[in-house]
Amino acid sequence: MLRDITLGQYYQTESVIHRMDPRVKLVGTIGFIISLFLIKNYIGYVVPVAFLALVIKTSNVPFKFMVKGMKAIVFLLLITMTFNLFLTQGDPLVTFWKLTITKEGFELATFMALRLIFLIIGSSIMTLTTTPNNLTDGMESLMKPLKVIKVPVHEVSMMMSIALRFIPILLEETDKIMKAQIARGADFESGNLIKKAKSLIPLLVPLFISAFRRANDLAMAMEARCYRGGEGRTKMKPLIYKKRDFMGYLVFFLYLVVTIMVGIVIKF
């Protein structure tokens, strides 16, 4: 399951989305996530489905590769839906024992599940089609106005980019450690909750040691290359908007307009 997480990975292929300016993809991803909370009816989710289908098709990233990233959040999805189903007050739909599913709870659980699924897929598309270096440059460029209030924009964007880049590396390391511990007789499945938590100690200790070692190696590598922060640094490939980037902004703007019209103005 750890290998199924696609967030933070880059999928190498040729497409318009891959060549697009990272600032367009960052703005589009943030705006897409916000738009999910503007939808107030089931019909409204037809719009993000169509938009995601268009983007996935254009990106040339296999749909199966994106869907497998959902396996890692199945447990979180079930917990979210369960809490919303049984803890939301409203008109009862189904009652058994002391548990009641209300109409409002069912709708809220459905909306939360759809939002979480679309949020993961939308975020994955950005990381799958954008290299860590481009992602860093895009974040830094978008956050430039924050320099006025003394925010270390370059350092913040680099930390966020490194964190995303390390997600697949740490997951792979976790998978290796887990297999090594299982080969030595470790049991991560059986027992109650407390026993399962204790069984994770042989996994977490070497994982933390490995993470700190990687962080130290990265810091030494950056120092060896005379890294001293973003002040005065130049770009080998400066970000320049092209025609396809303006077309990307236009498509996203049209998506927002349609979403607002269907999700808020039209009532079903």
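Per this note's numbering, residue 1335 is the first one in the sequence shown, and the count goes up by one each step. Glycine residues also receive a C-beta, built at the ideal position from the N, C-alpha and C atoms.
Could you give the residue range of the beta strand (DSSP E) that holds residue i?
i: I1407; result: Looking at the DSSP string, I1407 is not in any beta strand (DSSP E), and its letter there is neither H nor E.
i: I1435; result: L1433 to T1436
i: P1426; result: P1426 to F1430
Count the other CB atoms, across all protein chains shown, that sit within 10 Å of the CB of residue i; report buried if there are 16 or more and exposed otherwise.
i: F1587; result: exposed
i: V1596; result: buried
i: M1335; result: Annotation note: pLDDT 49 at M1335 (below 50); position unreliable, coordinate value reported separately. Counting Cβ neighbours within 10 Å, M1335 comes out exposed, since fewer than 16 surround it.
i: N1550; result: exposed
i: A1443; result: buried
i: L1505; result: buried
i: T1593; result: buried
i: F1602; result: Residue placement at F1602 is flagged as unreliable, the pLDDT there being 48, under the threshold of 50; the coordinate-derived value follows with that caveat. F1602 comes out exposed.
i: I1390; result: buried
i: Y1379; result: buried
i: M1473; result: buried
i: I1516; result: exposed
i: R1357; result: buried
i: V1381; result: buried
i: L1584; result: exposed
i: T1463; result: buried
i: L1469; result: buried
i: I1511; result: buried
i: I1650; result: The structure shown does not extend to residue 1650, since the chain spans only 1335 to 1602, so no value can be given for it.
i: V1285; result: The first residue shown for the chain is 1335 and the last is 1602, placing residue 1285 beyond what the model contains.
i: L1427; result: exposed
i: D1509; result: exposed
Could one say the Cβ of residue i lies closer than 8 Å to chain B's Cβ atoms, at least one of them?
i: H1352; result: Judged by its chain identifiers, the structure shown contains no chain B, having just a single protein chain.
So residue i is in the alpha helix (DSSP H); what residue range does that whole segment cover?
i: F1371; result: Element bounds for F1371: n/a, residue is neither H nor E.
i: L1393; result: For the sequence presented, residue 1393 should be read as Ser rather than Leu. S1393 -> alpha helix (DSSP H) spans V1380 to S1393.
i: M1400; result: F1397 to V1401
i: I1351; result: V1350 to R1353
### Every unbroken beta strand (DSSP E) inside the region 1463-1516 [3 residues or more]
none
### Query
Quick one: any contact between the region 1361-1369 and the region 1421-1430, if contact means 3 or more CB pairs under 8 Å?
no
### Message
Quick check for students: name the residue ranges of the alpha helix (DSSP H) that lie wholly in the region 1517-1600, counting only runs of 4 or more.
### Response
1527-1533, 1535-1558 and 1577-1594
### Message
Check whether the region 1532-1551 and the region 1493-1509 are in contact - that is, three or more C-beta pairs closer than 8 Å.
### Response
yes
### contact_flag[the region 1450-1462, the region 1391-1405] where n(CB pairs < 8 Å) is 3 or more
yes
### Message
With three or more C-beta pairs closer than 8 Å as the rule, is the region 1510-1523 touching the region 1487-1501?
### Response
no
### Query
Using 8 Å as the threshold, is the region 1434-1454 in touch with the region 1465-1484, meaning 3 or more CB pairs across them?
no
### Message
Within 8 Å, do at least three Cβ pairs link the region 1429-1449 to the region 1406-1421?
### Response
yes
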